Amino acid sequence: MSDSEDAAPRVAIGITFGNSYSSISHTTVEGRAEVIANEEGDRQIPSILSYIDGEEFQGTQAKAQLVRNAKNTVAYWRDFLGKSFESVDPTPCHQSAHPIAHDKTVAFSIHDSESEEPNNVTVSEITTRHLRRLKDSASDFLGKQVTAAVMTVPTNFAEVQKDALREAAQNAGIEVLQFINEPVAALLAYDARPEAKLADKIVVVADLGGTRSDVAVIASRGGVYTLLATSHDWEVSGSKLDEALMDHFAKEFRKKYNTAGDPRKDERSLAKLRLESEAVKKALSLGSTASFSVESLSAGIDFTATITRTRFELLARAHFAAITRLIQSTVEKAGLDPLDVSEIVLCGGTSHVPRVATSLQSAFPEKTVVWAPATRTDAINPSELVARGAAIQASLVADFDQEDIRESCHPVVTVTPHLKDAIGVLAVSGDERGHGKFVPIVLASTSVPVRRTAIINGPPAGGDVLIKICEGSKRIHVEHKEKKEREPVEADSDDSDAELSEDEEPIKSEVWHTERVIAEAALRGVAKGAKIEVQINVGPDTGLTIVAREVGGKASVRGSVPAYEES
Amino acid sequence: SAPAHDFHAFTPVSAAVQREIEPVGPHFLAHARRKRYKRTFSEDERI
Chain G
1 MSDSEDAAPR
11 VAIGITFGNS
21 YSSISHTTVE
31 GRAEVIANEE
41 GDRQIPSILS
51 YIDGEEFQGT
61 QAKAQLVRNA
71 KNTVAYWRDF
81 LGKSFESVDP
91 TPCHQSAHPI
101 AHDKTVAFSI
111 HDSESEEPNN
121 VTVSEITTRH
131 LRRLKDSASD
141 FLGKQVTAAV
151 MTVPTNFAEV
161 QKDALREAAQ
171 NAGIEVLQFI
181 NEPVAALLAY
191 DARPEAKLAD
201 KIVVVADLGG
211 TRSDVAVIAS
221 RGGVYTLLAT
231 SHDWEVSGSK
241 LDEALMDHFA
251 KEFRKKYNTA
261 GDPRKDERSL
271 AKLRLESEAV
281 KKALSLGSTA
291 SFSVESLSAG
301 IDFTATITRT
311 RFELLARAHF
321 AAITRLIQST
331 VEKAGLDPLD
341 VSEIVLCGGT
351 SHVPRVATSL
361 QSAFPEKTVV
371 WAPATRTDAI
381 NPSELVARGA
391 AIQASLVADF
401 DQEDIRESCH
411 PVVTVTPHLK
421 DAIGVLAVSG
431 DERGHGKFVP
441 IVLASTSVPV
451 RRTAIINGPP
461 AGGDVLIKIC
471 EGSKRIHVEH
481 KEKKEREPVE
491 ADSDDSDAEL
501 SEDEEPIKSE
511 VWHTERVIAE
521 AALRGVAKGA
531 KIEVQINVGP
541 DTGLTIVARE
551 VGGKASVRGS
561 VPAYEES
Chain H
1001 SAPAHDFHAF
1011 TPVSAAVQRE
1021 IEPVGPHFLA
1031 HARRKRYKRT
1041 FSEDERI
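First to last, the sequence lines map onto chains G and H. Take the first sequence: its position 14, counted from the start at 1, is 14 in my numbering, and no numbers get skipped. In my numbering, each number is its position in the second sequence, counted from 1, plus 1000.
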């Protein structure tokens, strides 16, 4: 295929292929990332294929077939790619075509042609058909044939899964330029905003999907990203919220029509219940009440009910708590404290649920920014984040040779030394009385080489200044409020114990601790109230070059510290 | 420049931790370019 490549210019898009939904995206001529709507007007295109008399349906049309034509409808198969039947969890496919073992891979037995006999269609072939449709939708929108894409994958997608996806895409006529990790794509979408400022920060990206949730803790250092920890959970997901609503409406239905059966016991009723519950959940993300209405839900009875957001939040309380816990535990896994987290980026469809964002905001310190529609008016649509990131990356690498991209992604380039501790200065001036205060300049977990500059205050009186270059680490200082109004008695009931501990919630704050002095520099004869600029250059071998000078003055001092060597 | 005795190096920074950076975004691509052509920051800026 590379032979015919030289003639036509490459047209590259971003593709986000999920178990529940897929998206296609591109960057406009002005360089803005945009998600493309398909012919049906959907930007979140259900990853579902359905067949009636040999005719293929996809997206929303196929999703509607889950009720009447479930056996010939294929859904939730992304995670099966490149895997053996024994290693996959078929649970999400209970209400559609069931996966079966086929050679070393997974297939679906469906009537996808007009013949009486069903065909075994592999997940690879299903993926190809799905990606071909996505490619055609994007080509129609752009008015030119799409030939390449940057695709997003979860951080735990193994090489064999990527290879299988690459092959399926190739069969659909798509050259995969690069696979990028979903959480990183989401972060890139935020960092690419014109108003975004480059900063050194710890960001948690929580991708809350339909059948799974993935959390990543990322060190963002001047726009370079390093994954510090990841979690994946198939129990915490949007479908659990749907199920909370399904149970609620099924109970309401039975209360009203006690002779009719449980709609959850009949496959078709269950499918209707599930579809409408998902729609109600989405409506409750936008409004404070929503109505549930299904024609002939069970035993030929139409059922209509309304629900408020408050009621829904009560029904699904345990699931919201589980999402918060999953995110907290991933921060812990990274060896960090919630105080270390500057931002939480929520992406994935479930992030639209207001309670998810507000519970997180209250579980994390006030200064932690939670990017979700409920907590920030300037948040980007969480459903579009990953796709936008893919489009941005596609525009960056579209002109590169496949060989160039492969070499850039090679471990020789990507595996780099990261600083263990922060490097900064201990500013010793009159007001700090000898002890000094550590000011970090290059943070821990920054990849090298790196260059950072900081401006610190000189002594108010001027004169000679001693600049200590130190390694520092952040410690969490816990202050227990001393409230000894009454001694805790062991015989106390559990209830009052809980109250007591809530009263005495410790106050945590971060404190910099100076680990050791790396170097000292002296600046002589600094003017009164001068500002001092300190530049720290960390070489690829972690050797330092330090330059300190008085801002606007003549005095400057320069020196270097050799790299650490294993003895 | 300042006299040599105005600067004292005591000890190197702690041993670094090898980690993988994500090959995504404009700043990574700049890093990859520098690394592949073995350029420093200032050399890269001049080009």
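C-beta: ideal position from N, C-alpha, C; glycine also. Just so we're clear, the structure is a prediction, and the values are computed from it rather than from any experiment.
Assumed close pair A97(G), F108(G) - CB separation to whole angstroms, cut-off 8 Å
4 Å
In three-state DSSP terms, what is Q1018(H)?
strand
Given that E407(G) touches chain H, what residues does it touch there, using C-beta distances under 9 Å?
A1032, R1036
For the beta strand (DSSP E) that contains K568(G), what are its first and last residues?
Nothing can be reported for residue 568(G), as the shown portion of chain G is limited to 1 through 567.
On the DSSP letters alone, give me the boundaries of the alpha helix (DSSP H) that A318(G) sits inside.
317-333
Would P46(G) be called buried (16 or more neighbouring beta carbons within 10 Å of its own) or exposed?
buried
In DSSP terms, what I380(G) is bridged to:
I380(G) pairs with nothing; no bridge assigned.
Is there a Cβ of chain H sitting closer than 8 Å to that of N181(G), yes or no?
yes
Look at the alpha carbon of G559(G) and the alpha carbon of D42(G), and state the distance between them as a whole number of angstroms.
59 Å
Check each residue of the stretch 1006-1021 of chain H: if its Cβ is closer than 8 Å to any Cβ of chain G, include it; give the result in chain order.
D1006, F1007, H1008, A1009, F1010, T1011, P1012, V1013, S1014, A1015, A1016, V1017, Q1018, R1019, E1020, I1021
Cβ contact check for the stretch 192-203 of chain G and the stretch 333-349 of chain G: 3 or more pairs under 8 Å
yes
Rounded to a whole number of angstroms, what is the C-alpha to C-alpha distance between S285(G) and V370(G)?
17 Å
For S359(G) and H232(G), what's the separation of their Cα atoms in angstroms?
20 Å
Looking at the structure shown, is D3(G) part of a helix, part of a strand, or coil, going by DSSP?
Residue placement at D3(G) is poorly supported in this model, since its pLDDT is 48, which falls under 50; the coordinates still yield a value, given next. Helix at D3(G).
Segment contact, 8 Å Cβ cut-off, at least three pairs: the stretch 385-395 of chain G with the stretch 26-35 of chain G
yes
Go through its chain and collect everything with a Cβ distance to V511(G)'s Cβ below 7 Å, but skip five positions before and after it.
R475, H477
Opening and closing residue of the alpha helix (DSSP H) in which H352(G) lies
Segment: none, H352(G) is in no alpha helix (DSSP H) and carries neither H nor E.
Would you identify the three-state DSSP class for A283(G), choosing helix, strand or coil?
helix
Just to confirm, is the Cβ distance from A149(G) to V123(G) under 8 Å?
no
Just how far apart, CA to CA, sit L314(G) and F364(G)?
21 Å
Using 8 Å as the cut-off, can you tell me whether the stretch 111-129 of chain G makes contact with the stretch 143-161 of chain G, which would need three or more C-beta pairs spanning the two stretches below that distance?
no
At the level of alpha carbons, what is the spacing between E86(G) and V448(G)?
43 Å
Please report the distance separating the alpha-carbon of A374(G) from that of R355(G).
8 Å
Mind pulling the chain H residues with CB within less than 7 Å of T414(G)?
E1020, I1021, P1023
Less than 8 Å separating the beta-carbons of H1027(H) and V153(G)?
no
Output the distance between the C-alpha atoms of S277(G) and H111(G), rounded to the nearest integer angstrom.
28 Å
Does S447(G) come out as helix, strand or coil in the three-state DSSP assignment?
strand
Compare the Cα-Cα distances from S288(G) to each of F157(G), K528(G), R311(G), H319(G) and report the closest residue.
R311(G)
Cβ-Cβ separation, K468(G) to V425(G) (assumed contact under 8 Å), whole Å:
6 Å
Where do the N-terminal and C-terminal ends of the alpha helix (DSSP H) with K71(G) fall, by residue?
Premise fails: K71(G) is in no alpha helix (DSSP H) and is neither H nor E.
Note down, in chain order, every chain H residue with its Cβ under 7 Å from the Cβ of G559(G).
F1007, A1009
Within chain H, partners of H232(G) - CB distance below 7 Å
Under the 7 Å cutoff, chain H gives no residues; its nearest Cβ is about 17 Å from H232(G).
Within a Cβ cutoff of 7 Å, which residues of the same chain sit near S329(G), ignoring the five residues on either side of it in sequence?
S231
Which residues bound the alpha helix (DSSP H) around N171(G)?
159-171
L177(G) (DSSP reduced to helix, strand or coil):
strand
Q393(G) versus chain H: which residues are under 8 Å apart at the beta carbon?
V1024, G1025
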